[in-house]
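>
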Amino acid sequence: MGIERNVSKPKGKVYSESKKNRRRQKKVTVVQKLYETCKEVFADCGPGVVPSSDKIEQLKAVLDTMTEVDVGLRPNMPFFKAATTEQFPRITYLHLYDCEKFSIGIFCLPPTGVIPLHNHPGMTVFSKLLFGTMHIKSYDWVDNGPAGTPLHAYPLDDHRQGARLAKVKVDSEFTAPCNTSILYPADGGNMHCFTARTPCAVLDVLGPPYCDPEGRHCQYYLDSPFAKFSVPSVALPEEEKDSYAWLEDRDRPKEVTVVGAVYSGPKIVEK
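Its first residue numbered 0, the sequence shown is counted upward by one per residue in numbering that gives the first Met the number 0.
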């Protein structure tokens with residue numbers, strides 16, 4: 000009988016500890032997992048340094064499964080309702096986390112809300128549409144023209160400073176659930192624009208984040224169809240012209256209003 004008691008106690012103890020471990024595991028939220036994955040993925044990265052392909056897939060796998068529920072959002076929240084008195088719906092930004100290596104945040108857009116065409120200098124960007132339908136248009140710079148001729152900024156007329164040629168990377172509507180989109184420092188659609196067709200939320204991971212002192216500031220652009228301007232040294236076949244555009248630097252559009260709000264979803268515990 001004594002042996003049986005000695006044997007049974009360890010079994011009970013092992014079972015109890017196993018249950019505790021399972022409970023601990025269940026407490027790890029998707030947001031916490033995202034943070035810990037970002038720490039690992041961007042640990043050895045910096046401006047212009049892209050994570051390895053396996054690291055990219057590791058982070059993408061976490062983001063691909065995420066929905067608004069994981070970050071405590073609901074489509075009927077005030078963030079996603081456009082005020083009837085506003086000509087240009089305001090966009091709300093929810094800050095989750097940032098450090099010198101990466102940042103995590105969520106843009107909440109009401110219908111017709113627009114994040115204008117802008118760039119991500121030296122960054123690798125993961126964008127995950129959590130819910131809703133959004134139109135995304137993105138571009139990459141064209142560095143060499145016909146016969147390898149280097150392209151620079153061209154003067155377009157007497158009143159405009161100039162523009163660079165860019166190639167359309169994406170021009171499509173996306174409806175959640177959909178895969179995460181990834182932008183790289185030099186390709187993948189580093190300059191992009193979001194237009195909300197319905198209320199929607201998009202989670203952005205930037206590695207590294209914007210930093211004005213280090214030269215990573217957000218530059219906005221005005222895009223014009225390729226055929227709108229005639230540049231003698233740049234010629235394209237007629238069937239390809241719709242795939243290119245002229246991009247000009249511009250100040251941040253005054254009609255765009257982005258306001259910050261407190262993120263109230265699952266918290267990130269720094270480690």
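Backbone N, C-alpha and C fix where the C-beta goes; we use that ideal spot for every residue, glycine too.
Which first and last residues belong to the beta strand (DSSP E) in which Ser223 is found?
Ser223 -> beta strand (DSSP E) spans 219 to 224.
> If you draw a straight line from the C-alpha of Phe228 to the C-alpha of Asp211, how long is it?
Approximately 33 Å, taken between the alpha carbons.
> Under a three-way DSSP split, which group does Lys266 fall into?
Correct three-state label for Lys266: coil.
> Does the segment 99 to 110 come close enough to the segment 174 to 184 to have 3 or more Cβ pairs within less than 8 Å?
No, they do not touch.
> When the Cβ atoms of the segment 178 to 190 are set against those of the segment 163 to 170, are three or more pairs found closer than 8 Å?
Contact holds: three or more Cβ-Cβ distances are below 8 Å.
> Please say whether Leu128 and Asp222 have beta carbons closer to each other than 8 Å?
No. Outside cutoff.
> Ignore the nearest five residues each way along the sequence and tell me which others in Gly112's own chain have a CB closer than 6 Å to its CB.
Answer for Gly112: Pro88, Ile90, Ala195, listed in chain order.
> Grab me the residues of Tyr209's own chain with a C-beta within less than 7 Å of its C-beta, minus the 5 sequence neighbours each way, in chain order.
Answer for Tyr209: Arg215, His216, Cys217, listed in chain order.
> Among residues of its own chain, excluding the 5 on either side of Lys59, which ones have a beta-carbon nearer than 8 Å to its beta-carbon?
Only Phe125, Asn178, Thr179, Ile181 meet the Cβ criterion.
> Please classify Glu254 as buried or exposed, where buried requires at least 16 other C-beta atoms within 10 Å of its C-beta.
Looking at its Cβ environment, which holds fewer than 16 other Cβ atoms inside 10 Å, Glu254 is exposed.
> Please state the DSSP three-state secondary structure of Pro115.
Here Pro115 sits in strand by DSSP.
> Using only the alpha-carbon positions, how far apart do His134 and Lys38 sit?
His134 and Lys38: Cα-Cα distance of roughly 30 Å.
> Check for me: the alpha helix (DSSP H) holding Glu56 runs from which residue to which?
Where Glu56 is concerned, the enclosing alpha helix (DSSP H) stretches over 52 to 63.
> Taking its Cβ as the centre, do 16 or more other Cβ atoms sit within 10 Å of Ala200, making it buried, or is it exposed?
With 16 or more Cβ atoms within 10 Å of its Cβ, Ala200 is classed as buried.
> Along the chain, where does the alpha helix (DSSP H) that runs through Tyr183 open and close?
Careful: Tyr183 lies outside any alpha helix (DSSP H) and carries neither H nor E.
> Does DSSP put Tyr96 in a helix, in a strand, or in coil?
Strand, per DSSP.
> Which of helix, strand or coil does DSSP assign to Thr36?
Thr36: helix per DSSP, three-state reduction.
> Taking all protein chains shown into account, do 16 or more other C-beta atoms lie within 10 angstroms of the C-beta of Pro50, making it buried, or fewer, making it exposed?
Flag for Pro50 reads buried.
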